[in-house]
């Protein structure tokens with residue numbers, strides 16, 4: 002039932018011995034020892050939601066080899082880990098070697114480190130990078146190994162280690178339950194289908210109630226996330242987007258009045274629950290099956306694609322955007338992938354939104370943003386829907402690094418936090434207003450500080466950025482941002498910067514397109 006083999010950047014697609022299932026309160030004791038585990042005989046566990054650790058080998062009193070459990074029904078993917086350690090001694094020092102990664106390229110080469118928390122310190126933090134080593138190991142068929150040293154300091158604590166900040170299916174359900182209880186008239190939750198293991202596939206709609214009246218044409222933005230279960234940052238970005246859209250912020254109010262937002266925040270609930278990195282329960286990489294999803298093997302894709310196709314066929318609906326949110330294991334920053342088209346006007350139009358997002362989000366990289374027809378990406382949501390939806394729809398993959406980002410003002414990288422990922426989601430929401438003002442679809446003026454005057458797009462950005470910089474010290478002022486941009490080239494709407502130099506005004510093309518729709 003697993004997918005056909007494609008290049009995963011791995012030196013080996015198998016470990017020395019099969020690793021099946023998670024360890025369950027597994028006590029690791031010295032060879033020849035019998036009896037109850039003593040204090041300091043570490044007990045490992047991954048039998049919990051999103052847990053992943055398949056095997057532990059005792060090397061010495063101070064060193065242990067750890068094996069990631071492969072995705073269910075697909076042994077090729079071994080990246081995500083999430084496990085606990087207990088029965089420790091105070092000041093016990095250990096070295097953990099994770100020995101069976103399926104990818105050779107990794108952000109561990111660039112300073113990334115595992116996450117850790119404990120029962121008395123429940124906030125996730127990164128292990129200092131100086132204690133983490135990523136190298137090719139001759140003892141493990143020259144595969145890449147990630148080793149890290151750690152000192153347990155509290156005997157009664159249970160310690161938890163993870164590849165990145167976990168975001169579970171249960172957490173999402175609790176979050177959506179709490180939003181439902183608020184009875185907001187602009188928020189609704191819909192069950193699209195149940196997964197193979199009978200978990201919910203939720204779709205939420207955020208818009209002013211008047212927009213649900215289909216007597217008039219409505220512009221729609223469709224967002225999905227977490228098709229790859231181990232890409233947890235995508236869930237934080239998606240939650241940041243949702244939090245902003247339901248807030249009382251003036252920009253959110255304007256967006257709700259004009260746009261219908263439909264969001265599927267977790268496309269692969271079974272894979273998330275099971276602690277997989279890439280695949281569903283049945284071993285499918287769902288982001289290669291958008292072309293012809295099966296109602297029994299890929300029910301979440303089948304239901305989501307059906308909704309999108311229904312919207313696309315509806316003459317009263319304009320699907321302006323489809324954006325699928327992911328996390329990236331080898332690159333820094335947030336960035337986008339888009340499609341290439343033979344129609345030069347369509348190709349130029351889709352370069353606008355990434356530039357607008359780059360103006361709002363300091364962690365967004367235009368340099369990493371790329372438009373392609375890579376054959377390896379065939380069957381992805383972005384590629385498939387780019388060919389299925391109306392020619393005026395914009396289809397993107399939004400990627401964000403598992404680790405860190407660099408700003409144009411600093412040469413050093415800044416590790417992402419949960420809040421940092423959510424901030425990218427908020428900035429994504431802000432960018433929709435900039436886009437719809439650019440094409441003259443939104444002209445409402447809730448306040449001069451957030452909506453630029455007609456014909457004064459840049460001054461509006463400056464005013465809005467200045468206001469935010471006065472209240473939020475992490476936000477650059479417009480003048481600081483402009484000086485930064487001048488060092489790297491003009492990011493104006495009609496500039497090239499690798500996206501193609503439009504021969505005519507993008508603003509006019511987009512405005513004329515929307516006028517034709519009516």
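In the numbering used here, the protein residues as written are 2 to 519. Quick reminder that beta carbons are idealized off the backbone N, C-alpha and C, glycines included. This structure is a prediction, so every number in the text was calculated from the model and none was measured.
The beta strand (DSSP E) spanning residue 99 covers which residue range? In the chain shown, the residue the question calls residue 99 occupies position 98. Looking at the DSSP string, the run of the beta strand (DSSP E) that includes residue 99 is 93-99.
Taking a contact to mean a Cβ-Cβ separation below 8 Å, would you say residue 53 touches residue 23 in this structure? Looking up residue 53 in the chain shown gives position 52. Looking up residue 23 in the chain shown gives position 22. Contact annotation: residue 53 and residue 23 have beta-carbon atoms nearer than 8 Å.
Would you tell me roughly how many angstroms separate the C-alpha atoms of residue 181 and residue 211, rounded to the nearest one? What you label residue 181 is simply residue 180 of the chain shown in a count that begins at 1. What you label residue 211 is simply residue 210 of the chain shown in a count that begins at 1. Using only the alpha carbons, I get a separation of about 19 Å.
Which value, in whole angstroms, describes the spacing of the CA atoms of residue 271 and residue 68? If you number the chain shown from 1, residue 271 lands on position 270. If you number the chain shown from 1, residue 68 lands on position 67. When rounded, the distance between both Cα atoms is 22 Å.
My parser needs the beta strand (DSSP E) runs of 3 or more residues fully inside the stretch 296-381; what are they? Counting only runs of 3 or more, we get 318-329, 335-340 and 371-373.
Take residue 414 as the anchor and find which of 338, 313, 378 and 404 has the nearest alpha-carbon. In the chain shown, the residue the question calls residue 414 occupies position 413. Ranked by Cα distance from residue 414, the options 338, 313, 378 and 404 are led by 404.
Collapsed DSSP secondary structure at residue 254 in the structure displayed: The residue labelled residue 254 in the question sits at position 253 within the chain shown. In the displayed model, residue 254 falls within a helix according to three-state DSSP.
Segment contact, 8 Å Cβ cut-off, at least three pairs: the stretch 223-232 with the stretch 278-288: Touching, yes.
Where does residue 419 sit, in a helix, a strand or coil, going by DSSP? For the purposes of this step, residue 419 is taken as the residue at position 418 of the chain shown. DSSP, reduced to helix, strand and coil, places residue 419 within a helical segment of the structure shown.
Under the three-state reduction of DSSP, which class applies to residue 431: helix, strand or coil? Taking the chain shown and counting its residues from 1, one reaches residue 431 at position 430. In the structure shown, residue 431 adopts helical secondary structure according to DSSP, grouped into three states.
Going by Cα to Cα distance, which pick from 37, 91 and 105 is closest to residue 330? Your numbering for residue 330 matches position 329 in the chain shown. The candidate whose alpha carbon is nearest that of residue 330 is 105.
How would you write the range of the alpha helix (DSSP H) that residue 105 sits in, first residue to last? On the chain shown, position 104 is the one that residue 105 refers to. Unbroken run through residue 105: none, as it is neither H nor E.
Taking buried to mean at least 16 other C-beta atoms within 10 Å of its own C-beta, is residue 34 buried or exposed? Here residue 34 refers to the residue found at position 33 when the chain shown is read from its first residue. Within a 10 Å sphere around the beta-carbon of residue 34 sit fewer than 16 other beta-carbons, which makes this residue exposed.
Would you say residue 193 and residue 326 are within 8 Å of each other, going by their C-beta atoms? Within the chain shown, residue 193 is the residue found at index 192, counting from 1. Within the chain shown, residue 326 is the residue found at index 325, counting from 1. No, Cβ-Cβ distance for residue 193 and residue 326 is not below 8 Å.
Can you look up residue 243 in the DSSP assignment and give me helix, strand or coil? Along the chain shown, one-based indexing puts residue 243 at 242. Here residue 243 sits in helix by DSSP.
Between residue 187 and residue 209, which are expected to be in contact by the criterion C-beta below 8 Å, what is the C-beta distance as a whole number of angstroms? As a position in the chain shown, residue 187 is number 186, starting the count at 1. As a position in the chain shown, residue 209 is number 208, starting the count at 1. Between residue 187 and residue 209 the beta-carbon gap is near 6 Å, inside 8 Å, which marks them as a contact.
Check whether the Cβ atoms of residue 162 and residue 115 sit closer than 8 Å, and answer yes or no. Position 161 of the chain shown, counting from 1, holds the residue named residue 162. Position 114 of the chain shown, counting from 1, holds the residue named residue 115. Annotated as proximal: residue 162 and residue 115, with beta-carbon spacing under 8 Å.
Have a look at 152, 141, 136 and 195 and flag the residue whose alpha-carbon is nearest the alpha-carbon of residue 129. Sequence index remark: in the chain shown, residue 129 carries index 128 (1-based). Taking only the C-alpha atoms, the option nearest residue 129 is 152.
Assess, as a yes-or-no matter, whether the stretch 285-297 is touched by the stretch 237-252 under the definition of 3 or more beta carbon pairs within less than 8 Å. Touching, no, given that fewer than three Cβ pairs across the two stretches are closer than 8 Å.
Under the three-state reduction of DSSP, which class applies to residue 141: helix, strand or coil? Against the chain shown, residue 141 aligns to sequence position 140. Note: residue 141 maps to helix in three-state DSSP.
To which residues of the same chain is residue 185 closer than 8 Å at the C-beta, ignoring the five residues directly before and after it? Translated into the one-based positions of the chain shown, residue 185 becomes position 184. 247.
Reduced DSSP secondary structure (H/G/I, E/B, other) of residue 26: Here residue 26 is taken as the residue at index 25 of the chain shown, counted from 1. Coil at residue 26, not helix or strand.
Buried or exposed by the 16-neighbour rule on C-beta atoms within 10 Å, applied to residue 213: The count along the chain shown starts at 1 and reaches residue 213 at position 212. Exposed is the call here.
Candidates 32, 366 and 157: which alpha carbon is nearest residue 90's? The count along the chain shown starts at 1 and reaches residue 90 at position 89. Taking residue 90 as reference, the option from 32, 366 and 157 with the minimal CA-CA separation is 157.
Quick check: does the Cβ of residue 88 come within less than 7 Å of any heavy atom belonging to the ligand FAD? Among the components modelled here there is no ligand, and therefore nothing to report on the ligand FAD.
Have a look at the DSSP bridge pairing and note the partners of residue 150. Looking up residue 150 in the chain shown gives position 149. Partner(s): 96.
Do residue 98 and residue 43 have their CB atoms nearer than 8 Å? As a position in the chain shown, residue 98 is number 97, starting the count at 1. As a position in the chain shown, residue 43 is number 42, starting the count at 1. Not a contact, by the Cβ cut-off of 8 Å.
Neighbour-count burial assignment, residue 445, 16 or more Cβ in a 10 Å radius: For the purposes of this step, residue 445 is taken as the residue at position 444 of the chain shown. By the neighbour-count rule (16 or more Cβ atoms within 10 Å), residue 445 is not buried but exposed.
Proximity of residue 328 and residue 420 at Cβ, strictly below 8 Å: Working through the chain shown from its first residue, we reach residue 328 at position 327. Working through the chain shown from its first residue, we reach residue 420 at position 419. No, the Cβ-Cβ distance between residue 328 and residue 420 is not below 8 Å.
Let me check one thing: in DSSP terms, what residues is residue 396 bridge-paired to? What you label residue 396 is simply residue 395 of the chain shown in a count that begins at 1. 323.
Specify the secondary structure class of residue 122 as computed by DSSP and reduced to three states. Here the question's residue 122 lines up with position 121 in the chain shown. Reduced to three states, the DSSP call for residue 122 is strand.
For a quick check, are the C-beta atoms of residue 51 and residue 123 less than 8 Å apart? Taking the first residue of the chain shown as position 1, residue 51 is located at position 50. Taking the first residue of the chain shown as position 1, residue 123 is located at position 122. Not in contact: residue 51 and residue 123 (Cβ atoms no closer than 8 Å).
Of all the beta strand (DSSP E) runs that stay within the bounds of the stretch 188-220, which reach a length of 3 or more residues? Taking only runs of at least 3 residues, the beta strand (DSSP E) segments lying wholly in the stretch 188-220 are 188-195 and 201-207.
Is it the case that the Cβ atoms of residue 364 and residue 408 are separated by a distance below 8 Å? Stepping through the chain shown from its first residue, residue 364 is reached at position 363. Stepping through the chain shown from its first residue, residue 408 is reached at position 407. Contact: yes.
Note down the Cα distance separating residue 196 from residue 107, rounded to an integer number of angstroms. Position 195 of the chain shown, counted from the start, is the residue given in the question as residue 196. Position 106 of the chain shown, counted from the start, is the residue given in the question as residue 107. Distance between the alpha carbons of residue 196 and residue 107: 31 Å.
Residues of its chain near residue 422, where Cβ-Cβ distance is below 6 Å and the 5 sequence neighbours each way are ignored: Translated into positions along the chain shown, residue 422 becomes position 421. Around residue 422: 234, 237 and 238.
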